[in-house]
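Just so you know, the UniProt record's numbering puts 115 at position 115 of the sequence shown, and the rest follows in order with no gaps.
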Amino acid sequence: MQQQEEFIVTDLYGFPLKVKPFMEEERRACDANAEREQAAWMPYIEKDRLPNNKDKLKEMIRKGVPPTLRNWVWMETSGAKKKKAAHADSYYSIMVKAGEDSPYKKDIEMDSQHTFPEHPWLASEDGRVALTRVLQAYSMHNDRVGYVRAMNSIVGLMLVSLNRNEEAAFWLLAALVEDILHPGTYSRNLEGCQVEMRALSELVASKLPVLAAHFASLDFQISMLATDWYLGLYSTSLPAETVMRVWDALFFEGPKILFRVALALLTVYEQPMLTVKDAGELMLRMRRAASTMHQRDVLMNRAFEAIGSLPMATIERIREQKQREVEEAVAGRSGGGAASSGGAGTLTSSSSGGANPGVEKAAEKVKQGFGKFMAGMSKLANNTAEQLAKMNTRDEAQGPQQLGQGQPQQPPQQGVAPSEQPSGNPFI
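Here is the structure:
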């Protein structure tokens, strides 16, 4: 079979993508489906109000929010609009001013210079300054958490998807950290993330037992792969257009979406993963495959249709058990001291005591810059250090806009039903 040559295209948000012909076909098919679904939003745009029927709204959101409506829809569904309304109109400006004296100023400024450096605007002075303002402002708004590397990639992607609306990005970050994600996800010990990794491991064992057994045979922990999925909300793991679909559902349905998407990725690539006999090679190939998951319809259909029932009550039950395990581990590592729930700040290797080994190493790498996560992951697979490489990093006011306004136009296509599997095999 003739090898397909790669070429460069630019996605909807301005990211350059290195794709093969089959990948571009997948992207265009998803674009056509998204365009077809836009008609369902028209009545609600005219009313300036989302559907009162939650099931109807969930159905629409799961099919994807039109890009020009995301500011409106995300602010409404995440609770960010209510958080903003509870503060003075000038609150963000006040926090921006306060942020000039943020204790995380140096870290934020440094990280902003390396956030999606291949994106033209984020690599520009204007982009870096905007990203810095939002992160410094949030570090003062929530001094208990402050700033954690991983927030930079989340906010950077928010800015380019929300027409560079800093205030919206600020309040959406607040909604995520304070209301949506598991408490402690960005705490000093990343305890919340440790809990989520242990919960995901249990779900993999119950939903994908063959794959779980394969992982065990390789001494491979899911946290080695999924820690950055959860900390960065897939922002540096999936293509931007795919991340937006994940976030559409995350803002409305909450953190169970992170589990559904993780399980969906594993189901899509389960068969090729089962053929890999080395933990480091498996991690490298899976990261590469995720970074080229342009067939977002397939991924989200898998997440909602192929995973089976996954009520929040089930996740909460598992979390409760795993929370105790994490607290015991932290207490044991610290000589019986209480687990810290204080601000995260700049994570240090000594601050991740008691962590699941995968999360502990991940936390160590977070402090060195999220975009370089893979550079140090060889510690998690000692016999394959030479096979590990850098993790892939991709080298837009209030109220609803009219559909298509300010959105790059693609040539019209017929709607295409998503196939069962991505047409190429990026796992190879």
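Just so it is clear, CB atoms sit at the ideal spot from N, CA and C, and this is done for glycine as well.
Comparing C-alpha positions only, which one of the options sits nearest to residue i?
| i | options | result |
| --- | --- | --- |
| N71 | M158, L250, F220, A212 | M158 |
| R164 | A226, G127, R149, A306 | G127 |
| V204 | S153, L225, E35 | L225 |
| I180 | K256, P120, E118 | K256 |
| V134 | A123, M151, L250 | M151 |
| I94 | W247, E46, E167, L17 | E167 |
| E118 | V160, K84, G99, D107 | V160 |
| F116 | S153, A130, M110 | S153 |
| L190 | V326, A137, A40 | V326 |
| G156 | S235, K47, N142 | S235 |
| L258 | L69, E305, L282, L231 | L231 |
| P16 | V330, T292, E328 | T292 |
In or out: residue i buried (at least 16 other Cβ within 10 Å) or exposed?
| i | result |
| --- | --- |
| P67 | buried |
| V210 | exposed |
| G280 | buried |
| F7 | exposed |
| G332 | exposed |
| Q194 | buried |
| R198 | buried |
| S144 | The amino acid occupying residue 144 in the given sequence is Arg; Ser does not appear at that position. By the 10 Å Cβ count, R144 comes out exposed. |
| L274 | exposed |
| S223 | buried |
| R287 | buried |
| R260 | buried |
| S217 | exposed |
| residue 474 | This structure cannot speak to residue 474, because the chain is shown only from 1 to 428. |
| S124 | exposed |
| A389 | The predicted model places A389 with a pLDDT of 30, which falls under 50 and marks its position as unreliable, so this point remains unresolved. |
| K56 | exposed |
| D101 | exposed |
| M110 | exposed |
| E107 | Reading off the sequence shown, one finds Asp at residue 107, where the question assumed Glu. Classification of D107: buried, given that the 10 Å Cβ count is 16 or more. |
Compute the Euclidean distance between the alpha carbons of residue i and residue j, then round it to the nearest angstrom.
| i | j | result |
| --- | --- | --- |
| V416 | E270 | Confidence is the limiting factor: at V416 the pLDDT is only 39, short of 50, which leaves the residue's position unreliable, though a coordinate-based value still follows. Computed Cα separation, rounded: 25 Å. |
| K82 | L176 | 13 Å |
| E59 | Y91 | 34 Å |
| S139 | Y147 | 5 Å |
| A290 | A80 | 29 Å |
| G192 | L310 | 19 Å |
| K105 | V96 | 12 Å |
| I318 | E5 | 45 Å |
| M312 | Q3 | 44 Å |
| N301 | G308 | 11 Å |
| A303 | L208 | 13 Å |
| V19 | V9 | 7 Å |
| M23 | Q321 | 41 Å |
| N53 | D89 | 30 Å |
| P272 | T227 | 21 Å |
| V276 | A262 | 19 Å |
| W41 | E26 | 24 Å |
| P51 | D11 | 30 Å |
| A112 | W247 | Looking at the sequence itself, residue 112 is Ser, so the reference to Ala does not match. Cα-Cα distance, rounded: 22 Å. |
| A85 | E35 | 32 Å |
Exercise. So does the stretch 266 to 282 actually touch the stretch 239 to 253, counting three or more Cβ pairs closer than 8 Å?
Worked result: Because the criterion of three Cβ pairs below 8 Å is not met, the stretch 266 to 282 and the stretch 239 to 253 do not touch.
Problem set entry | At least 3 beta-carbon pairs within less than 8 Å: the stretch 288 to 297 vs the stretch 20 to 38 | yes
Exercise. Pairing CB atoms from the stretch 71 to 81 with CB atoms from the stretch 158 to 175, are three or more of them under 8 Å?
Worked result: yes
For this session: Only counting runs of 4 or more residues, tell me where the alpha helix (DSSP H) segments fall wholly within the stretch 299 to 338, in order along the chain.
Result: 312 to 333
Problem set entry | Ordered list of alpha helix (DSSP H) runs contained in the stretch 262 to 306, each at least 4 residues | 270 to 274, 279 to 291, 296 to 301
For this session: Mind listing, in chain order, the continuous alpha helix (DSSP H) runs of no fewer than 4 residues lying wholly within the stretch 39 to 94?
Result: 42 to 47, 54 to 62, 70 to 78, 80 to 85
Problem set entry | Secondary structure, alpha helix (DSSP H): runs of 4+ residues fully inside the stretch 126 to 207 | 151 to 161, 166 to 175, 191 to 207
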